[in-house]
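Trainee: Note that the protein sequences, when read in sequence, are chains Z and P.
Taking our numbering, the leading residue of the first sequence gets 3, the next gets one more, and so forth.
Taking our numbering, the leading residue of the second sequence gets 906, the next gets one more, and so forth.
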Amino acid sequence: MTVAEVASLSPAAEKIRSQLSATPLSDRVEVRDLDLPTLEVSPADWPALARHLRDAPESRFDLFLDLGGVDNLKRPGAGTRFEAVVHLLALSRGEHLRVKVLLPDADQPALPSVADVWPAADWFEREAYDLFGFDFPGHPNLRRLLCHDAFVGHALRKDYAPGQRWFFSEADMRMPAWALEPEERGHFETQTLSVGPSHPATHGIIHLVARLDADKIIRAETQIGYLHRCFEKMAETHTWNQVIPFADRLNYVSAMINGVGYVKTVEKMLGVEVPERGVLVRTILSEFSRIMDHCVCIGANLVDIGALTNFWYLYQPREGIYGLLEACCGARLTVSYVRVGGLAIDVPEDFVARCRGLLESIPKFLDDVDRLVTNNRIVRHRLQGTGVVSKEQAIAWGMTGPMLRASGVPYDVRRARPYDFYDRFDWDVPVAQDGDNLARYLVRMEEMRQSLSIIRQALEIFPEKGPVNSSDWHVVLPPKDAVYHDMESLIYHFKLIMEGIRVPAGERYDWIEAANGELGFYAIATGAGGPYRLKVRPPCFPNMAAFEKIIIGGTVSDAVATLGTLNIIAGELDR
Amino acid sequence: MFGKDKALPTYDPATDTGGVADFLTTRLETMVSWARSNSLWPLPFATACCGIEFMSVVSSHYDLSRFGAEVVRFSPRQADLLIVAGTVTDKLAPVLRKIYDQMPEPKWVISMGVCASSGGFYRAYHVTQGIDEIIPVDVYVPGCPPTPEELMYGIFALQKKIVSGEKSRDSRSARAATGSASGVTAAPPGQPEHVS
Chain Z
3 MTVAEVASLS PAAEKIRSQL SATPLSDRVE VRDLDLPTLE VSPADWPALA
53 RHLRDAPESR FDLFLDLGGV DNLKRPGAGT RFEAVVHLLA LSRGEHLRVK
103 VLLPDADQPA LPSVADVWPA ADWFEREAYD LFGFDFPGHP NLRRLLCHDA
153 FVGHALRKDY APGQRWFFSE ADMRMPAWAL EPEERGHFET QTLSVGPSHP
203 ATHGIIHLVA RLDADKIIRA ETQIGYLHRC FEKMAETHTW NQVIPFADRL
253 NYVSAMINGV GYVKTVEKML GVEVPERGVL VRTILSEFSR IMDHCVCIGA
303 NLVDIGALTN FWYLYQPREG IYGLLEACCG ARLTVSYVRV GGLAIDVPED
353 FVARCRGLLE SIPKFLDDVD RLVTNNRIVR HRLQGTGVVS KEQAIAWGMT
403 GPMLRASGVP YDVRRARPYD FYDRFDWDVP VAQDGDNLAR YLVRMEEMRQ
453 SLSIIRQALE IFPEKGPVNS SDWHVVLPPK DAVYHDMESL IYHFKLIMEG
503 IRVPAGERYD WIEAANGELG FYAIATGAGG PYRLKVRPPC FPNMAAFEKI
553 IIGGTVSDAV ATLGTLNIIA GELDR
Chain P
906 MFGKDKALPT YDPATDTGGV ADFLTTRLET MVSWARSNSL WPLPFATACC
956 GIEFMSVVSS HYDLSRFGAE VVRFSPRQAD LLIVAGTVTD KLAPVLRKIY
1006 DQMPEPKWVI SMGVCASSGG FYRAYHVTQG IDEIIPVDVY VPGCPPTPEE
1056 LMYGIFALQK KIVSGEKSRD SRSARAATGS ASGVTAAPPG QPEHVS
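Right, here's the structure in full:
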């Protein structure tokens, strides 16, 4: 239905429809009511709609979350072959919105760039160009982002074979054109510095090319994709449960949170409820994972600025948490502990005692680091006032999580849209106002303490006994004992293993608060055993996109300190 | 040994033999390889999850320095052990090859984790299906990621290999790599290579 028609919509969709009806776009935008209010628009009207959504006082969708392509080649009943799916967030109200730009031309799909409306769109559009071949007229720097420069074709199109590789040699490696020309400025000759891809300060593998005037960075460009291991294509070739190990390897520093985020999306599509005990195990281990993530972020950042000792202090809590995870599921790092509908196995008998032991020991390490670092003069010199991101910049660049909160925006998914039992716990959202590296360090330190408080409260309501899995055998594997003795259970087991879970056709965007910010999964199901399309909204991707803008005017050493506080996890950045 | 009533032996430098035996017989190569095996300087080429587990190995809990391999160097010029920890993509492959070429001889390579060893479960369009497509490997450590104990075991295995005098370019993967013209087993430019 078009906006002009009146039909029964959910209140959220109805509100957007009525706002649009006063604009010239009213009869050219379709409003649909899926899991989120969804607008469908043609490429020609997309920039006008984008400006309306961002600027109109009653909409104010100021944070650009995600843009991903969809190829409908093998999807029954779809309209155009290609569509670009955008997710937006209105920070002031915590409301999400989906916009689908339907691309009528299947041979040369194109839509205007909105990088001038939301600067965050820049890298997302490059990614869609790379993986789907969408053209974005008006984009300032449209070239491949994730795949290498000798790549042929567009990997996420449905007619691209998942294993099709292309030879890439050193001769094909590309430097930005501006970096190759000598440049004069006054009597100093500027020089170009190439940091990475393998460099101790690049945290995994990224490549920074910077032009220096004396020791100030005047221009910079980052190149990523060195760990692009095709998560989204792999998801399309596996069943819903088989995607969990891949999802765990997105942000491998806090693997549990990724798994939880992914299965929650699938569970909502299925309408499956997880028992209280299972949800609490997920919450407790997620919060422990958040602590691990922040420990590595702060520890590695301090190593980069020359404080190696703190890394050892911060690594001890991690080893403790590794022990807990190993007791639960047998793996330390990439746990693969969640399943759609619950957990792989129940927690060990001494789970609560182990958690309480960690709650005793971790604060001591945090206090040690606090005493060693927080008022340390060198640390203050390196972190205070460097890498400043203002509130407006953080929003424009699409940042979420600790980055956004350190710039003074109190947006935390656990508070804005409490999932699981987060509304039952009493905890604070730490916010800092300065937006510099020190603010981000302080926010992370406080978040670890808040996570400990959440775990403490979760343990108080943790049921001693009870199931951790849903008993819907269409989704969860029946107990092994029943499989061996009961024909019906054997059939369920067989169907789940051989065909996967039958998720009803539809689409869903669901989001949780990961250690780096809002982690979203946009899944499309066609009723088959695996996802038709799975798009991740990686929280550190917009942070990294902004890096080349944040460091302008600072020194290289400031850039190193800033990169540490951005907390780039290559698995999540490049997917 | 010495009772209260016995005087301690006096020290006479003229008769000092400096210990029970003041010489030992060995071959020079044996002594050198013994020294090399116990003073490895690893370069962690940490790309992904395995790199985080490598951090555990060198941290205080597992403490790799007990086995003489803790002097982590980020410059290939100063390292003799390349630990490739994590997935290597086609985009990164030339970088890895260059780093290997920059390391002075003698040099060894440990492939940590299944991604580095075989591509792991990423049978995908952008993932190198094992670093032995590009460089010779001495020790493959399985696991996704390997536990710290597994990596340590891999380092012990490498130490034995160094003592035995076997060179990395004698390894099976090195022979396979030199079989092709360029030392790289991927397809020539412009031609697709089919995997999976």
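A virtual CB, placed ideally from N, CA and C, is assigned to each residue, including glycine.
Which residues, in order along the stretch 970-983 of chain P, keep a beta-carbon less than 7 Å from a beta-carbon of chain Z?
Mentor: Per Cβ criterion, the list reads F979.
Trainee: Relative to the alpha-carbon of Z/S559, which residue among Z/F170, Z/L41, Z/L214, Z/H89 has its alpha-carbon at the smallest distance?
Mentor: Nearest of Z/F170, Z/L41, Z/L214, Z/H89 to Z/S559, Cα basis: Z/L214.
Trainee: Taking C-beta pairs closer than 7 Å, name the residues in chain C that P/P999 reaches, listed in chain order.
Mentor: The structure shown contains no chain C; its protein chains are Z and P.
Trainee: Is it buried or exposed for Z/E490, if we count other Cβ within 10 angstroms and need 16 for buried?
Mentor: Label assigned to Z/E490: exposed.
Trainee: Could you tell me which chain P residues have their CB closer than 7 Å to the CB of Z/Y443, listed as they occur along the chain?
Mentor: Result: empty, since nearest Cβ-Cβ is about 19 Å, beyond 7 Å.
Trainee: Name, in chain order, the residues that DSSP records as bridge partners for Z/K102.
Mentor: DSSP lists Z/E42, Z/V87 as partners of Z/K102.
Trainee: Between P/K1012 and chain Z, is the shortest Cβ-Cβ distance under 9 Å, so that the two count as touching?
Mentor: False, the Cβ-Cβ gap to chain Z never drops below 9 Å.
Trainee: Going by alpha carbons, who is nearest to P/V1046 out of P/Y1030, P/S1069, P/E958, P/K1012?
Mentor: Ranking the options by Cα distance to P/V1046, first place goes to P/E958.
Trainee: Could you tell me the alpha carbon to alpha carbon distance between Z/V103 and Z/G403, rounded to whole angstroms?
Mentor: Answer to the nearest angstrom: the Cα atoms are 27 Å apart.
Trainee: Quick one: which unbroken alpha helix (DSSP H) runs of 4-plus residues sit fully inside the stretch 265-338 of chain Z? Chain order, please.
Mentor: The qualifying runs are 278-306, 310-331.
Trainee: Should Z/I207 be flagged as near chain P, meaning a C-beta pair shorter than 9 Å?
Mentor: Yes, its Cβ sits closer than 9 Å to a Cβ of chain P.
Trainee: Skipping 5 residues on each side, what residues in its chain have a beta carbon closer than 7 Å to that of Z/T388?
Mentor: Excluding positions up to five away in sequence, the list reads D438, N439, G556, D560, A563, T564.
Trainee: So who's on the other strand from P/L986, going by DSSP bridges?
Mentor: DSSP output for P/L986 lists P/P947, P/W1013 as bridge partner(s).
Trainee: What's the C-alpha gap between Z/D161 and Z/D73?
Mentor: Roughly 9 Å between the two C-alpha positions.
Trainee: Taking DSSP's pairing of strands, which residues face Z/Y524 in a bridge?
Mentor: Beta-bridge pairing links Z/Y524 to Z/Y511, Z/K537.
Trainee: Using 9 Å as the threshold, is the C-beta distance between Z/L374 and Z/N312 below it?
Mentor: Yes, they are a contact pair.
Trainee: Return no unless some Cβ of chain P is closer than 9 Å to the Cβ of Z/N569.
Mentor: No, Z/N569 does not count as interfacial toward chain P.
Trainee: Which partner residues of P/Y1045 appear in the DSSP bridge assignment?
Mentor: Bridge partners of P/Y1045: P/S1016.
Trainee: Suppose you measure from the CA of Z/V262 to the CA of Z/A516; what does that come to, to the nearest Å?
Mentor: Whole-angstrom Cα-Cα distance: 10 Å.
Trainee: Does any CB atom of chain Z fall closer than 9 Å to the CB of P/Y1027?
Mentor: Yes - at least one Cβ of chain Z is within 9 Å of the one on P/Y1027.
Trainee: In whole angstroms, what is the alpha-carbon distance linking Z/V415 and Z/A441?
Mentor: Distance between the alpha carbons of Z/V415 and Z/A441: 20 Å.
Trainee: In whole angstroms, what is the alpha-carbon distance linking Z/G135 and Z/L75?
Mentor: Approximately 14 Å, taken between the alpha carbons.
Trainee: Going by beta carbon distance, what residues of the same chain come within less than 6 Å of P/K1012, once the five residues before and after it are set aside?
Mentor: For P/K1012, where only same-chain residues beyond five positions count, the Cβ hits under 6 Å are D985.
Trainee: Is the shortest distance between the beta-carbon of Z/C149 and the beta-carbons of chain P less than 9 Å?
Mentor: So, interface residue.
Trainee: Among Z/A329, Z/H487, Z/P541, Z/V33, which one has its Cα closest to the Cα of Z/P350?
Mentor: Taking only the C-alpha atoms, the option nearest Z/P350 is Z/A329.
Trainee: To the nearest angstrom, how far is it from the Cα of Z/L99 to the Cα of P/D968?
Mentor: So the two alpha carbons sit approximately 49 Å from each other.
Trainee: Which of helix, strand or coil does DSSP assign to P/L1063?
Mentor: Three-state DSSP puts P/L1063 in a helix.
Trainee: Do Z/R419 and Z/W513 have their C-beta atoms within less than 9 Å of each other?
Mentor: Against a cut-off of 9 Å, the Cβ pair of Z/W513 and Z/R419 comes out as a contact.
Trainee: Please say whether P/G1018 and P/P1051 have beta carbons closer to each other than 9 Å?
Mentor: In contact: P/P1051 and P/G1018 (Cβ atoms closer than 9 Å).
Trainee: Taking C-beta to C-beta, are Z/E123 and Z/L69 nearer than 9 Å?
Mentor: The sequence shown places Ala at residue 123 of chain Z, rather than the Glu named in the question. Yes, the Cβ-Cβ distance between Z/A123 and Z/L69 is below 9 Å.
Trainee: Going by C-alpha to C-alpha distance, which of Z/R504, Z/I570, Z/V211, Z/D137 sits closest to Z/E116?
Mentor: The question names Glu, but residue 116 of chain Z in the sequence shown is Val. Closest by alpha carbon: Z/D137.
Trainee: So, helix, strand or coil for Z/A163, using DSSP?
Mentor: It is coil, neither helix nor strand.
Trainee: Taking Cβ positions, are Z/F66 and Z/L90 nearer each other than 9 Å?
Mentor: Yes, these two residues count as a Cβ contact at 9 Å.
Trainee: Suppose contacts are defined by Cβ-Cβ distances below 9 Å. Is P/Y1027 in contact with Z/W168 by that definition?
Mentor: No, the pair does not count as a contact, with Cβ atoms beyond the cut-off.
Trainee: With a threshold of 9 Å between beta-carbons, can Z/V255 be considered close to chain P, or not?
Mentor: Chain P contact via Cβ: present.
Trainee: When the cut-off is 9 Å and only beta carbons count, does P/E1055 lie next to chain Z?
Mentor: Not one chain Z Cβ lies under 9 Å of P/E1055.
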